[in-house]
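For the sequence shown, this note's numbering begins at 48 and goes up steadily by one.
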Amino acid sequence: MSVRVRFAPSPTGNVHIGNIRAAIFNWLFARHNRGRFLLRVEDTDRERSTPEAIRTLLDCMEWLGLDYDEPPVYQSANSIRHLEVAEELLGRGLAYRENKGGGGECVVFRMPTEGRLGFVDLVKGAMRKRAGDTQDFVIVRSNGTPVFHLANVVDDIDMGITHVIRGDDHVENTFKHIELFKALNAPVPHFAHLPMIVNNQGKPYSKRDGAAFVGEFREQGYLPDTIFNFLLLLGWAPGDDREVLTRDEMIEFFALERCKSSAARFDVKKLLWMNGEYIRNKPREEYAREFLARVTAAGLSTEGVDLEGIMEQMQVRTRFYSDIPDNCAYFFTDDYAFDQKAVSKRLLKEGIPELLEKIAGEYQQLDPFTVESTHALLEEMARRQESGMGALVHPVRVAVSGSAEGPGLFEMLVLIGRERVCARLQQVAQRVRNGGFETASAAQD
Ligand code: GLU
Numbered sequence: 048m049s050v051r052v053r054f055a056p057s058p059t060g061n062v063h064i065g066n067i068r069a070a071i072f073n074w075l076f077a078r079h080n081r082g083r084f085l086l087r088v089e090d091t092d093r094e095r096s097t098p099e100a101i102r103t104l105l106d107c108m109e110w111l112g113l114d115y116d117e118p119p120v121y122q123s124a125n126s127i128r129h130l131e132v133a134e135e136l137l138g139r140g141l142a143y144r145e146n147k148g149g150g151g152e153c154v155v156f157r158m159p160t161e162g163r164l165g166f167v168d169l170v171k172g173a174m175r176k177r178a179g180d181t182q183d184f185v186i187v188r189s190n191g192t193p194v195f196h197l198a199n200v201v202d203d204i205d206m207g208i209t210h211v212i213r214g215d216d217h218v219e220n221t222f223k224h225i226e227l228f229k230a231l232n233a234p235v236p237h238f239a240h241l242p243m244i245v246n247n248q249g250k251p252y253s254k255r256d257g258a259a260f261v262g263e264f265r266e267q268g269y270l271p272d273t274i275f276n277f278l279l280l281l282g283w284a285p286g287d288d289r290e291v292l293t294r295d296e297m298i299e300f301f302a303l304e305r306c307k308s309s310a311a312r313f314d315v316k317k318l319l320w321m322n323g324e325y326i327r328n329k330p331r332e333e334y335a336r337e338f339l340a341r342v343t344a345a346g347l348s349t350e351g352v353d354l355e356g357i358m359e360q361m362q363v364r365t366r367f368y369s370d371i372p373d374n375c376a377y378f379f380t381d382d383y384a385f386d387q388k389a390v391s392k393r394l395l396k397e398g399i400p401e402l403l404e405k406i407a408g409e410y411q412q413l414d415p416f417t418v419e420s421t422h423a424l425l426e427e428m429a430r431r432q433e434s435g436m437g438a439l440v441h442p443v444r445v446a447v448s449g450s451a452e453g454p455g456l457f458e459m460l461v462l463i464g465r466e467r468v469c470a471r472l473q474q475v476a477q478r479v480r481n482g483g484f485e486t487a488s489a490a491q492d
């Protein structure tokens, strides 16, 4: 049997992570089994499924590399067929008309009343219910439009779907859908229901917990690979403790047996970490393209700087490409911003101007000016003044970069260059002495 699966979203203008996770699982299942991954746009709600909403959906799939193997099926185009099937069910006594009030008559599907209903879910295991616990349900509304249950099942039959992989909010529907498949003498597909995505408190993850739409993560600067990988881990694990996988590894290892049935916790810290991992692992040329584009767009000049050296330091520390200009402007310009907290903690203290001037003087004489020599010099000074290295390293770092974070101080000093380092140490010393930083912080308050 060759696998045919589908992603069947109802476009609303925003693509929820829970929905796209279903697409990812279906896509990987198809690719792993050399089957087909299809897209069915469940666009019967004409008010919400606008052309714009459909475009957003297709765009999101393209961004994540979720390519489909046949032209998309638009459910609204099949409504005549859905209604024919309803007539057939009526003709065979498997459905009946009912007047639910309000004039028109709707078509209701008859559920079995005897025995048991059930199926073996490929993720959740055996799912059972007493017949009679699920009521008959409407398949055509009194206004003549087919209901989701009917449209969904008929389209799955017509598209030859072998496995239905979707969120576990559909479990109850599946009991109904299976009876429809049987009534239509169609093979019942396998079902796999993916666990609910929850927040730290174990409640369903929602907008209130943070970004919930793919577009929002994209705007925040997440890479498509990060989102893909992260969503895959919401309900699946490769069986060892690996967390970052290539697309090929995912395809190779993906199996529904490895899906978890317990709720999947959305851990935003992990997502952030993962984005950094993806950036760190990018080929340098690709990082360089992003780096240069952003640095240039921020109006920073790269003339005369050791770009390769700077990128080597920054690539392992970049969590979002969009952070690049702010995080390393000091390599390119003397007009870099000072973090007020770091300034107060490290610079606005007694003896700091003298210390910075002293270091500037010593660095001026230092030959050669290397990672090792700049380090050794501060070590020697710390010994002489009987302080820890921190008493020197932190003020120097904040003085030359404006920040308490960044690459190793000595790598940074060499990349900035002796002349600039010494000039900055002198200027910052002056500014501390003149109260220039206090004025700046007062202006900010
Ligand atoms: N349109 C439904 C949804 O988005 C389809 C569910 C399915 O069968 O995959 O929830």
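Think of the CB as a built atom: it goes at the ideal place given N, C-alpha and C, for glycine as much as any other residue.
Tell whether a beta-carbon distance below 8 Å holds between residue i and residue j.
i	j	result
glutamine 362	leucine 462	no
arginine 444	leucine 425	no
leucine 113	isoleucine 71	yes
isoleucine 204	phenylalanine 156	no
glutamate 89	proline 119	no
glutamate 265	tryptophan 110	Note on identity: in this sequence residue 265 is arginine, with glutamate being the wrong assignment. Cβ distance < 8 Å, so arginine 265 and tryptophan 110 count as in contact.
methionine 358	phenylalanine 338	yes
leucine 395	leucine 303	no
phenylalanine 313	leucine 281	yes
valine 418	glutamate 466	no
methionine 11	leucine 85	Residue 11 lies beyond the range of the chain shown here (48 to 492); nothing can be said about it.
alanine 259	tyrosine 269	no
alanine 407	alanine 451	no
lysine 171	histidine 240	yes
Alpha carbons only, please: which of the options is nearest the one belonging to residue i?
i	options	result
alanine 284	Phe301, Thr293, His422	Phe301
leucine 141	Glu94, Val132, Gly148, Lys147	Val132
valine 154	Glu134, Arg431, Arg480	Glu134
isoleucine 208	Arg478, Val50, Arg255	Val50
leucine 460	Leu394, Tyr121, Val447	Val447
leucine 105	Asn146, Asp92, Gly262	Gly262
asparagine 73	Asn66, Val62, Phe54, Pro58	Phe54
glycine 214	Ile67, Thr343, Gln182, Leu347	Ile67
glycine 483	Ser391, Arg331, Glu409, Val468	Ser391
glutamine 267	Ala310, Val315, Ala384, Ser189	Val315
proline 242	Val200, Thr103, Ile212	Ile212
Could one say the Cβ of residue i lies closer than 8 Å to chain B's Cβ atoms, at least one of them?
i	result
glutamate 324	This model lacks chain B altogether; it includes just one protein chain.
Would you list the one or two residues that DSSP bridges to residue i?
i	result
arginine 53	Leu85
leucine 163	It should be pointed out that residue 163 corresponds to arginine in this sequence rather than to leucine. Paired residue(s): Arg177.
asparagine 146	Glu152
arginine 502	As shown, the chain starts at 48 and ends at 492. That puts residue 502 outside it, with no answer to give.
arginine 213	His240
phenylalanine 484	Phenylalanine 484 pairs with nothing; no bridge assigned.
With DSSP run on the structure shown, which of helix, strand or coil describes residue i?
i	result
aspartate 168	strand
proline 251	strand
valine 461	helix
arginine 93	coil
tyrosine 121	strand
glycine 65	helix
isoleucine 186	strand
proline 415	coil
phenylalanine 300	helix
proline 330	coil
phenylalanine 379	coil
proline 58	coil
Could you tell me whether the segment 382-402 touches the segment 428-446, using the rule of 3 or more Cβ pairs below 8 Å? Yes, the segment 382-402 is in contact with the segment 428-446.
Counting pairs of Cβ atoms below 8 Å between the segment 191-203 and the segment 85-103, do you hit three or more? At 8 Å Cβ cutoff, the stretches touch.
Decide yes or no for the touch test of the segment 95-105 against the segment 158-165: beta carbon pairs closer than 8 Å, at least 3 of them. Contact fails: fewer than three Cβ-Cβ distances are below 8 Å.
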